[in-house]
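Just so we're aligned: 104 in our numbering is position 102 of the sequence shown, and the numbers increase by one with no gaps anywhere.
Note that the Cβ used here is the ideal one computed from N, Cα and C, for glycine as well.
Presented below is the structure to which this report refers.
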Amino acid sequence: MMVDSIMEETAGSTDQFNAIQSILGVGCWTPYIDEGTYLQTSGSLFIDMGKEIRGYTEEGLIDFKALTPSFTTEENEQVADLELKLDTVFSSNIDAFITGSRSMDEWDAFVADLQNAGSADLEELFNTAYKR
3 MMVDSIMEET AGSTDQFNAI QSILGVGCWT PYIDEGTYLQ TSGSLFIDMG KEIRGYTEEG
63 LIDFKALTPS FTTEENEQVA DLELKLDTVF SSNIDAFITG SRSMDEWDAF VADLQNAGSA
123 DLEELFNTAY KR
């Protein structure tokens with residue numbers, strides 16, 4: 003469950019779920035996040051549709067994937083390279099933060115490592131492709 007103060011701060015947002023993600027600094031690169039917040043911020047129709055899609059996926063009737071933009075051949079190669087670099091940095095560090103074996107005092111260094119691995123370049127590739 004999301005804490006009340008964040009729910010109140012984002013209550014007037016056009017997209018409350020994404021506003022919450024923005025405050026928490028989570029999203030695409032956070033595979034360990036509990037997305038139960040959807041239940042608190044979304045209407046019942048949205049939740050019911052998600053359950054129906056999940057059921058179709060589990061039955062093998064569809065292969066649901068989030069939409070990604072259309073990249074050029076060169077962009078696809080760049081995206082693959084950057085995602086591999088970023089995933090390597092992310093995967094080799096995130097569990098240490100979650101378990102407490104790596105201090106949160108080191109978080110900024112971790113973010114810098116992700117930036118050095120090309121996070122801004124990947125963001126630019128996605129934004130450029132989405133704008134086409």
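For this session: Answer yes or no: do L47 and L88 have a C-beta to C-beta separation smaller than 8 angstroms?
Result: As a working note, residue 47 is residue 45 in the sequence shown. As a working note, residue 88 is residue 86 in the sequence shown. No, they are not a contact pair.
Problem set entry | Helix, strand or coil at L84 according to DSSP, with G and I counted as helix | Stepping through the sequence shown from its first residue, residue 84 is reached at position 82. Of the three classes helix, strand and coil, the one that applies to L84 here is helix, per DSSP.
Exercise. Is the beta carbon of F73 within less than 7 angstroms of some heavy atom of the ligand MG?
Worked result: With respect to the ligand MG, the structure shown offers nothing to examine, as it has no ligands at all.
For this session: Figure out for me which residue from S44, S24 and V81 has the closest Cα to the Cα of T130.
Result: Along the sequence shown, one-based indexing puts residue 130 at 128. If we check each option's Cα against that of T130, V81 comes out closest.
Exercise. Does DSSP classify E108 as helix, strand or coil?
Worked result: The residue labelled residue 108 in the question sits at position 106 within the sequence shown. Helix at E108.
Exercise. Run through DSSP, which three-state label would T16 get?
Worked result: In the sequence shown, counting from the first residue as 1, residue 16 sits at position 14. T16 falls in the coil class under three-state DSSP.
Exercise. Which value, in whole angstroms, describes the spacing of the CA atoms of D110 and G120?
Worked result: The residue given as residue 110 occupies position 108 in the sequence shown. The residue given as residue 120 occupies position 118 in the sequence shown. Taking the straight line from one Cα to the other gives about 15 angstroms.
Problem set entry | Outcome for Q42 when other beta-carbon atoms lying within 10 angstroms are tallied against a minimum of 16 | Taking the sequence shown and counting its residues from 1, the one referred to as residue 42 is at position 40. Exposed.
Exercise. So, is Q18 buried or exposed, given that buried needs 16 or more other C-beta atoms within 10 angstroms?
Worked result: Taking the first residue of the sequence shown as position 1, residue 18 is located at position 16. Under this definition Q18 is a buried residue.
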